[in-house]
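Numbering (our numbering), first residue to last: 1 to 372.
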């Protein structure tokens, strides 16, 4: 779990940027120019000309965007402009090259490369169909079999001068599961065993789960952008949404993808892990909770996310992150996507019947909303 926490703490630092993130800004610049505005050169940098052209586009079209446009919002805004003006979708990086971009170190076996490519392609298709979102950006996946090559490849594809990834990369390369990793804006990096025989013997259910879960985090970042550490708790939650939903929805989809079991079946697994101690989701909203209570956030968050899936489906979760990118706050996004306030859902979470008369976990979807 620590690797996932580092995704949220390390990747959201000021100055974060990568070639893939800048591709989103270039997409916005090209779209604005094609629509008859003048953002200046399509250099992937957010400057005064780009902001002025965007303001003119907003005034003409009614595009709502409360956040100040920064590099981290490039893919999100590129997507929103393309959905508003479909003829401009030709500038989407994801449509210019539909193949996932995966970069390997020399020591990664060919059969493992093929397996990873297949899993990533399937997970991309699954995310698109399950959450019913079409992503504009094209994220990069870096796979290496040793810390040195992983550091080098990450440095080549993402520029985070303020962040030393060495500790996180070292942890990824010493995972007891043999394969682990985390994400940076626009980039997922994975470390696999250096020994060829261990690469061949990887637990591939875990591998598929890991890839699918991390790609949901990438989806969330593409749709909503990423917050900045210096903003403080309130402003970051306005951008990122609650930690329990961020982690829980990624965990739920990862298990759905890798295990192929009904969502409610994995919810029962988390019932048992929680040992009937269902934490108040309101206490698991912030990154501080994820830092100090990571197991609670993931377990309770997975149960909460699957409750939302039962009631409204995965597309409503995709819609939540879409609306979150408008910058009107996560409570507004929650109400727009699910049709109820977070407090009303928290009441449901605390009061829904989860066990039968003899104490066994209830199977099947919990499809009735418990209202105050």
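The C-beta atom is built at its ideal place from N, Cα and C for all residues, glycine as well.
Model, not experiment: these values are computed from the prediction.
| task | With DSSP as the reference, please indicate the residues paired to residue 143 in a beta bridge. | result | Position 143 of the chain shown, counted from the first residue, corresponds to residue 143. Answer is 104 and 190, bridged to residue 143.
| task | Use the C-beta contact count for residue 94: other C-beta atoms within 10 angstroms, 16 or more gives buried, fewer gives exposed. | result | Within the chain shown, residue 94 is the residue found at index 94, counting from 1. With at least 16 other beta carbons inside 10 angstroms of its own, residue 94 counts as buried.
| field | Where residue 315 sits in the DSSP three-state scheme | value | Locating residue 315 in the chain shown gives position 315, where the first residue counts as 1. Correct three-state label for residue 315: helix.
| task | Report the option in 351, 109 and 102 whose CA atom is closest to the CA atom of residue 198. | result | On the chain shown, residue 198 is found 198 positions in, with the first residue counted as 1. With distances taken between CA atoms, residue 198 lies nearest to 109 out of 351, 109 and 102.
| query | How big is the Cα-Cα spacing for residue 158 and residue 170? | reply | Taking the chain shown and counting its residues from 1, one reaches residue 158 at position 158. Taking the chain shown and counting its residues from 1, one reaches residue 170 at position 170. When rounded, the distance between both Cα atoms is 18 Å.
| said: Less than 9 Å between CB atoms is the rule here; does residue 35 satisfy it with respect to chain C? | reply: Among the protein chains of the structure shown there is no chain C, as only one such chain exists.
| query | Thinking C-beta only, is residue 322 closer than 9 Å to residue 223? | reply | Reading the chain shown from its first residue, position 223 is the one you call residue 223. Reading the chain shown from its first residue, position 322 is the one you call residue 322. Yes, Cβ-Cβ distance for residue 223 and residue 322 is below 9 Å.
| query | What is the rounded straight-line gap between the Cα of residue 319 and the Cα of residue 325? | reply | Taking the chain shown and counting its residues from 1, the one referred to as residue 319 is at position 319. Taking the chain shown and counting its residues from 1, the one referred to as residue 325 is at position 325. So the alpha carbons of these two residues sit roughly 10 Å apart.
| query | My guess is that residue 289 and residue 333 are in contact by the Cβ rule of under 8 Å, so how many angstroms apart are they, rounded? | reply | On the chain shown, residue 289 is found 289 positions in, with the first residue counted as 1. On the chain shown, residue 333 is found 333 positions in, with the first residue counted as 1. With a beta-carbon spacing of about 19 Å, residue 289 and residue 333 fall beyond the 8 Å limit used to define contacts.
| query | Starting from residue 181 and walking both ways along the beta strand (DSSP E), at which residues does that stretch end? | reply | Taking the first residue of the chain shown as 1, we reach residue 181 at position 181. Residue 181 -> beta strand (DSSP E) spans 180 to 184.
| query | Which one of 196, 154, 209 and 101 has the shortest CA to CA distance from residue 180? | reply | Along the chain shown, read from residue 1 onward, the residue named residue 180 stands at position 180. Here the closest residue by C-alpha is 209.
| task | Could you please give me the residues that DSSP links to residue 154 through a beta bridge? | result | By 1-based counting over the chain shown, the position of residue 154 is 154. DSSP output for residue 154 lists no bridge partner at all.
| Whole-angstrom distance between residue 372 and residue 47, CA atom to CA atom | For the purposes of this step, residue 47 is taken as the residue at position 47 of the chain shown. For the purposes of this step, residue 372 is taken as the residue at position 372 of the chain shown. The straight-line gap from Cα to Cα measures roughly 48 Å.
| Whole-angstrom C-beta distance between residue 31 and residue 50, which should lie under 8 Å | The residue you call residue 50 lines up with position 50 of the chain shown. The residue you call residue 31 lines up with position 31 of the chain shown. With a Cβ gap of about 11 Å, residue 50 and residue 31 do not count as contacting.
| If we call anything under 9 Å between Cβ atoms a contact, is residue 186 one with residue 139? | The residue labelled residue 186 in the question sits at position 186 within the chain shown. The residue labelled residue 139 in the question sits at position 139 within the chain shown. The answer is yes: Cβ separation under 9 Å.
| task | Indicate the three-state DSSP secondary structure (helix, strand or coil) for residue 338 in the structure shown. | result | Counted from its first residue, the chain shown places residue 338 at position 338. Correct three-state label for residue 338: helix.
| Buried versus exposed call for residue 358 [16 or more other C-beta atoms within 10 Å across all chains shown] | The residue labelled residue 358 in the question sits at position 358 within the chain shown. With fewer than 16 Cβ atoms within 10 Å of its Cβ, residue 358 is classed as exposed.
| field | residue 131 in three-state terms, based on DSSP | value | As a first step, residue 131 must be located in the chain shown, where it is residue number 131. Note: residue 131 maps to helix in three-state DSSP.
| From residue 311 to residue 111, what does the alpha carbon distance come to, in whole angstroms? | Here residue 311 is taken as the residue at index 311 of the chain shown, counted from 1. Here residue 111 is taken as the residue at index 111 of the chain shown, counted from 1. Residue 311 and residue 111 have their C-alpha atoms spaced approximately 40 Å apart.
| message | Please report the distance separating the alpha-carbon of residue 73 from that of residue 83. | response | As a working mapping, residue 73 is identified with position 73 in the chain shown. As a working mapping, residue 83 is identified with position 83 in the chain shown. Rounded to whole angstroms, residue 73 to residue 83 spans 15 Å at the Cα level.
| Segments assigned beta strand (DSSP E), at least 3 residues, entirely inside the segment 63 to 107 | Within the segment 63 to 107, the complete beta strand (DSSP E) segments of 3 residues or longer fall at 101 to 104, listed in chain order.
| said: Quick check on DSSP: helix, strand or coil for residue 355? | reply: Residue mapping note: residue 355 aligns to position 355 of the chain shown, counting from 1. Reduced to three states, the DSSP call for residue 355 is strand.
| Thinking C-alpha only, which one of 225, 306 and 41 is nearest residue 354? | Numbered from 1 along the chain shown, position 354 holds the residue referred to as residue 354. Selection 225, 306 and 41 evaluated against residue 354 yields 306 as nearest (Cα-Cα).
| said: The alpha helix (DSSP H) that contains residue 283, what's its start and end? | reply: Along the chain shown, one-based indexing puts residue 283 at 283. Neither: residue 283 is in no alpha helix (DSSP H) and is coded neither H nor E.
| message | Counting beta carbon pairs with one atom in the segment 127 to 144 and one in the segment 211 to 221, are three or more of them shorter than 8 Å? | response | Contact holds: three or more Cβ-Cβ distances are below 8 Å.
| field | Beta-carbon proximity list for residue 207, same chain, < 6 Å, skipping 5 on both sides | value | Taking the chain shown and counting its residues from 1, one reaches residue 207 at position 207. For residue 207, where only same-chain residues beyond five positions count, the Cβ hits under 6 Å are 179.
| query | When burial is assigned at 16 or more other CB atoms within 10 Å of the CB, is residue 118 buried or exposed? | reply | Position 118 of the chain shown, counted from the first residue, corresponds to residue 118. Classification for residue 118: exposed.
| query | Alpha carbon to alpha carbon, how far is residue 271 from residue 317? | reply | What you label residue 271 is simply residue 271 of the chain shown in a count that begins at 1. What you label residue 317 is simply residue 317 of the chain shown in a count that begins at 1. Taking the straight line joining both Cα atoms gives about 21 Å.
| Coarse secondary structure for residue 361, derived from DSSP in three states | By 1-based counting over the chain shown, the position of residue 361 is 361. Residue 361: strand per DSSP, three-state reduction.
| said: Rounding to the nearest angstrom, what Cα-Cα distance links residue 58 and residue 191 in this structure? | reply: Counting from 1 along the chain shown, the entry for residue 58 is found at position 58. Counting from 1 along the chain shown, the entry for residue 191 is found at position 191. Taking the straight line from one Cα to the other gives about 43 Å.
| task | Return the first residue and the last residue of the alpha helix (DSSP H) that residue 272 is part of. | result | Translated into the one-based positions of the chain shown, residue 272 becomes position 272. Segment 263 to 274, the alpha helix (DSSP H) holding residue 272.
| query | Assuming residue 23 contacts residue 137 under a Cβ cut-off of 8 Å, what Cβ separation, rounded to an integer in Å, is found between them? | reply | Stepping through the chain shown from its first residue, residue 23 is reached at position 23. Stepping through the chain shown from its first residue, residue 137 is reached at position 137. 7 Å between Cβ atoms; contact.
| Reference residue 313, options 275, 263 and 268, closest by Cα | For the purposes of this step, residue 313 is taken as the residue at position 313 of the chain shown. Looking at the Cα atoms, 263 is the closest of the given residues.
| message | Please state whether the Cβ-Cβ distance between residue 184 and residue 105 is less than 9 Å. | response | Translated into positions along the chain shown, residue 184 becomes position 184. Translated into positions along the chain shown, residue 105 becomes position 105. It is not a contact, given that the beta carbons lie outside the stated cut-off.
| Span of the alpha helix (DSSP H) around residue 60 | Within the chain shown, the letter at position 60 stands for residue 60. Counting along the chain, residue 60 sits inside the alpha helix (DSSP H) bounded by residues 48 to 61.
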